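Asks: Here it is: the structure, laid out below.
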Amino acid sequence: MKVILQADVKGTGKKGQIFEVADGYARNFLFPKKLAIEATTGNIQDISHKKVLEERRKEKEKEDAIELAAKLNALQIEVKTKTGEGGRLFGSVTSKEIADALKKQHGVEVDKRKLEVKEPLKALGSYEVHVKIHLDVIAKLQVHIVAI
């Protein structure tokens with residue numbers, strides 16, 4: 008019997024795949040647990056349509072990420088903080104502070120976990136921070152740390 012898996016099944020396959028399985032396995036295990044549906048022509052067309060929609064959604068998501076990356080590459084943000092002697096900061100500038108400054112100055116909201124700060128920002132000056140927007144899209148943001 009041909010079935011379309013609705014979820015990943017260990018030892019059988021991944022969600023959305025079509026498999027030929029024993030009738031008893033399908034009727035007694037896969038169907039009652041709603042792990043699979045029978046592979047009729049209507050169900051196969053429905054699954055292929057869902058795959059096309061999912062691919063379009065992912066493509067749109069990537070295009071939006073590329074647009075945001077282009078916008079972020081052109082931006083420069085300024086973070087004001089208290090300093091001690093010699094331009095050293097009290098503590099360091101965190102990714103949360105950078106995300107808040109980006110939202111306040113330019114109206115662009117980025118999750119603080121997507122900001123990759125290579126080394127702690129503990130001195131005044133300009134730094135480059137990487138923003139991981141999408142799996143394949145990474146933007147570079149210029150951060151200027153200045154004294155209050």
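So in my numbering, the last one in the sequence shown is 155, and the numbering has no gaps at all.
The C-beta atom is built at its ideal place from N, Cα and C for all residues, glycine as well.
All figures in this text were calculated on a predicted structure; none of them were measured in a lab.
Three-state secondary structure (DSSP) at LEU128?
Replies: DSSP places LEU128 in strand when its eight states are reduced to three.
Asks: Quick one: residues in its chain with C-beta nearer than 6 angstroms to the C-beta of LEU75, no 5 flanking neighbours on either side, listed in chain order?
Replies: Excluding sequence neighbours, LEU75 sits near ILE140.
Asks: Look at the alpha carbon of ARG64 and the alpha carbon of LYS103, and state the distance between them as a whole number of angstroms.
Replies: Distance between the alpha carbons of ARG64 and LYS103: 29 angstroms.
Asks: Identify the continuous alpha helix (DSSP H) that holds VAL59 and give its terminal residues.
Replies: Taken as a continuous stretch (DSSP letters only), the alpha helix (DSSP H) holding VAL59 covers 48-81.
Asks: Using a Cβ distance threshold of 8 angstroms, determine whether the stretch 43-50 contacts the stretch 112-121, with at least three qualifying pairs required.
Replies: These segments do not touch.
Asks: DSSP puts ILE11 in a beta bridge; with which residues?
Replies: In the DSSP output, where bridge partners are listed per residue, ILE11 has ILE25 and ILE44.
Asks: Using three-state DSSP, classify LEU148 as helix, strand or coil.
Replies: Residue state, collapsed to three classes: strand.
Asks: Suppose the cutoff is 8 angstroms on Cβ atoms and the five residues either side in sequence are ignored; what does the same chain contact list for ILE44 look like?
Replies: These residues qualify, in order along the chain: VAL10, ILE11, GLN13, PHE38 and ASN50.
Asks: Nearest-angstrom Cα distance between LEU79 and LYS69?
Replies: Each residue's alpha carbon lies about 15 angstroms from the other.
Asks: Helix, strand or coil for ILE105? Go by DSSP, reduced to three states.
Replies: In the structure shown, ILE105 sits in a helix (DSSP, three-state: H, G or I).
Asks: Short check: CB of ALA154 to CB of THR90, under 9 angstroms?
Replies: Yes, these two residues count as a Cβ contact at 9 angstroms.
Asks: What is the DSSP secondary structure of LYS121, reduced to helix, strand or coil?
Replies: Here LYS121 sits in helix by DSSP.
Asks: Under a Cβ-count criterion, where at least 16 other Cβ atoms within 10 Å of its own Cβ denotes burial, should ALA33 be classed as buried or exposed?
Replies: With 16 or more other Cβ atoms within 10 Å, it is buried.
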